[in-house]
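According to our numbering, the sequence shown holds residues 37 to 365 in order. Just so it is clear, CB atoms sit at the ideal spot from N, CA and C, and this is done for glycine as well.
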Amino acid sequence: MLKVGMIGCGGIAQVHAAGWLTLGNKAVVTAVSDVIEESARAMAERFDGATTYTNFHDLIRDPDVDAVDICLPHHLHREAIVAAARAGKHVICEKPLCLSLDEAEDIAGAVRSSGVTMMCAHNQLFDPAVEKARQMIAAGELGEIFMVRTCDCFRHTKPLSEWGWRASAKTMGGGCLIDTGYHPSYLLLNLAGSKPVEVSAVGGRYHIHTLEGEDSAVVIVRFANGTMGEVLTSWAWEWPEGAWQFQILGEKGQLFGRGRTIFYKPIGWKPASMELGQRNNFAAELEHFADCVAEGKRPVNTHEEGTAVLKMILGAYESMERQRAVALV
Ligand SMILES: NC(=O)c1ccc[n+]([C@@H]2O[C@H](COP(=O)([O-])OP(=O)(O)OC[C@H]3O[C@@H](n4cnc5c(N)ncnc54)[C@H](O)[C@@H]3O)[C@@H](O)[C@H]2O)c1
37 MLKVGMIGCG GIAQVHAAGW LTLGNKAVVT AVSDVIEESA RAMAERFDGA TTYTNFHDLI
97 RDPDVDAVDI CLPHHLHREA IVAAARAGKH VICEKPLCLS LDEAEDIAGA VRSSGVTMMC
157 AHNQLFDPAV EKARQMIAAG ELGEIFMVRT CDCFRHTKPL SEWGWRASAK TMGGGCLIDT
217 GYHPSYLLLN LAGSKPVEVS AVGGRYHIHT LEGEDSAVVI VRFANGTMGE VLTSWAWEWP
277 EGAWQFQILG EKGQLFGRGR TIFYKPIGWK PASMELGQRN NFAAELEHFA DCVAEGKRPV
337 NTHEEGTAVL KMILGAYESM ERQRAVALV
């Protein structure tokens with residue numbers, strides 16, 4: 037039974053908590069921490085007897101914690117991951133891994149020297165349609181992959197005054213691309229299955245004009261094997277009609293889908309849809325993490341994949357600023 041300490045008890049931590057509660061035979065939350073004591077106490081009530089902390093370093097020192105689940109603002113990820121790894125605690129951390137490649141290097145060093153299991157919480161990889169797409173690509177159903185497009189958009193309605201750490205580019209690390217856009221970014225790398233070598237991007241503010249970062253972005257990626265990639269993300273418009281979470285165009289046809297629905301369209305045929313079983317992708321990612329720790333397996337996405345996604349996003353930001361393509365060396 038994995039003993040978990042939750043660090044950060046805000047919005048997404050509530051969803052993680054619900055996920056941990058489904059894993060009764062594999063994991064138990066023994067400690068929680070938040071700088072706001074009331075938030076930590078409210079979270080502890082969901083887990084019988086969990087210890088509450090306001091300083092996450094105290095939680096990390098707790099001998100009754102084997103692994104930490106980090107749901108903190110972006111600028112605190114590095115500090116929490118490094119401290120936990122150095123203390124020999126396994127780590128699952130919400131996206132993004134951290135804010136810079138220097139921070140990512142610190143994390144890699146701490147994880148390597150401690151030998152703990154480190155997983156990036158890339159929950160959309162656990163969507164049934166995404167898993168099915170990966171299996172079909174591996175089985176050669178599409179032949180050579182020419183292009184992968186991914187998308188995550190919604191219209192933000194909350195006033196910026198309520199955004200807290202997200203309102204500042206310093207604590208957020210950017211705008212929509214490094215937050216919501218992080219999902220289609222890791223999805224793109226996961227489905228393309230090749231190394232990104234060049235990135236070009238444009239971004240802008242169309243709806244949240246006082247945001248420091250962009251509220252919308254389009255990223256174009258060239259992969260080492262020649263595959264083309266495209267990421268679309270926005271907080272300015274609703275999910276675009278006709279767009280999919282992923283669309284993979286290959287030599288023999290295409291696959292597209294979202295959530296638990298996937299379509300397969302061999303060239304010259306009409307698309308055939310498959311409805312896959314319902315699944316909570318957060319519960320599935322936490323279970324995968326608990327299994328990896330128990331069995332000493334490598335998680336589907338470690339800090340290595342987290343660093344690759346971050347590198348692509350930082351390259352996209354550089355491209356927006358310099359208005360030209362950026363090589364990812
Ligand atoms: N996977 C997803 O779909 C998804 C969705 C939303 C957020 N997230 C990610 O989850 C993370 C948290 O986002 P959120 O929306 O829950 O933010 P949030 O602001 O709702 O929650 C953050 C919590 O951390 C606490 N906190 C701040 N500093 C702390 C410290 N030093 N020690 C302990 N607690 C501290 C805050 O009090 C707050 O309760 C981010 O990395 C974000 O990108 C992921």
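Please report the straight-line C-alpha distance between Ile-284 and Glu-266, rounded to a whole angstrom.
To locate residue 284, count along the sequence shown from 1; it is residue 248. To locate residue 266, count along the sequence shown from 1; it is residue 230. Taking the straight line joining both Cα atoms gives about 11 Å.
Local conformation of Val-147 per DSSP, three classes
Here residue 147 is taken as the residue at index 111 of the sequence shown, counted from 1. Helix, per DSSP.
Spell out the partners DSSP gives Phe-299 in its beta bridges.
Counting from 1 along the sequence shown, the entry for residue 299 is found at position 263. DSSP output for Phe-299 lists Phe-292, Ser-309 as bridge partner(s).
Beta-carbon within less than 7 Å of Gly-60's beta-carbon, same chain only, minus the 5 sequence neighbours each way: which residues are those?
For this step, residue 60 is matched to residue 24 along the sequence shown. Taken in chain order, the list of residues that qualify is empty.
Cβ-based neighbour list, Val-257, same chain, cut-off 6 Å, excluding 5 preceding and 5 following:
Residue 257 sits at position 221 when you count from the first residue of the sequence shown. So the list reads Pro-232, Val-235, Gly-265, once near-sequence residues are dropped.
Could you have a look at Ile-256 and say whether DSSP puts it in helix, strand or coil?
Within the sequence shown, numbered from 1, the residue matching residue 256 stands at position 220. Three-state DSSP puts Ile-256 in a strand.
Distance CB(Thr-263)-CB(Met-183) smaller than 9 Å
Your numbering for residue 263 matches position 227 in the sequence shown. Your numbering for residue 183 matches position 147 in the sequence shown. Closer than 9 Å, so yes.
Mind checking which residues open and close the beta strand (DSSP E) that includes Glu-81?
Taking the sequence shown and counting its residues from 1, one reaches residue 81 at position 45. Segment: none, Glu-81 is in no beta strand (DSSP E) and carries neither H nor E.
Between which two residues does the alpha helix (DSSP H) holding Thr-328 run?
Stepping through the sequence shown from its first residue, residue 328 is reached at position 292. Checking the sequence shown, residue 328 turns out to be Cys, not Thr. Residues 317-331.
Residues that Glu-250 bridges to, as DSSP identifies them
If you number the sequence shown from 1, residue 250 lands on position 214. Paired residues: none, contrary to the question.
Mind checking whether the beta-carbon of Phe-318 lies closer than 8 Å to any heavy atom of ligand 1?
Residue mapping note: residue 318 aligns to position 282 of the sequence shown, counting from 1. True, at least one ligand heavy atom lies under 8 Å from that Cβ.
How about Ala-49: is its Cβ closer than 8 Å to a heavy atom in ligand 1?
In the sequence shown, residue 49 corresponds to position 13, counting from 1. Ala-49: yes, Cβ under 8 Å from ligand 1.
Member of Gln-50, Gly-46, Gly-44, Met-37 whose CA lies at the smallest distance from the CA of Ala-319:
As a first step, residue 319 must be located in the sequence shown, where it is residue number 283. Cα-wise, what sits closest to Ala-319 is Gln-50.
Among residues of its own chain, excluding the 5 on either side of Gly-41, which ones have a beta-carbon nearer than 6 Å to its beta-carbon?
The residue you call residue 41 lines up with position 5 of the sequence shown. When the five nearest sequence neighbours on each side are left out, the beta carbons in the same chain lying within less than 6 Å of the beta carbon of Gly-41 are those of Ala-67, Leu-95, Val-101, Val-104, in order along the chain.
May I have the straight-line CA-CA distance separating Gly-286 from Val-71, to the nearest angstrom?
Walking along the sequence shown from the start, residue 286 turns up at place 250. Walking along the sequence shown from the start, residue 71 turns up at place 35. Computed Cα separation, rounded: 49 Å.
Tell me which residues share the same chain as Val-64 and place their Cβ nearer than 8 Å to its Cβ, disregarding the 5 neighbours each side in the sequence.
For this step, residue 64 is matched to residue 28 along the sequence shown. Counting only residues of its own chain and dropping the five nearest sequence neighbours on each side, Val-64 has a CB closer than 8 Å to the CB of Met-37, Leu-38, Lys-39, Val-40, Trp-56, Phe-83.
Comparing C-alpha positions only, which one of Glu-74, Glu-250, Lys-206, Glu-73 sits nearest to Thr-216?
Taking the sequence shown and counting its residues from 1, one reaches residue 216 at position 180. Among Glu-74, Glu-250, Lys-206, Glu-73, the Cα nearest to that of Thr-216 belongs to Glu-250.
Short of 7 Å in beta carbon distance, which residues of its chain neighbour Ala-80, apart from the five on each side in sequence? Order them along the chain.
Position 44 of the sequence shown, counted from the first residue, corresponds to residue 80. Closer than 7 Å at Cβ, skipping near neighbours: Val-68, Ala-86, Thr-88.
For Ile-173, which of Glu-139, Phe-162, Glu-198, Gly-229 has the nearest alpha-carbon?
Along the sequence shown, one-based indexing puts residue 173 at 137. Looking at the Cα atoms, Gly-229 is the closest of the given residues.
Of the choices Pro-220, Cys-212, Glu-277, whose alpha-carbon is the least far from that of Glu-248?
The residue you call residue 248 lines up with position 212 of the sequence shown. When each option's Cα is compared against that of Glu-248, the closest is Cys-212.
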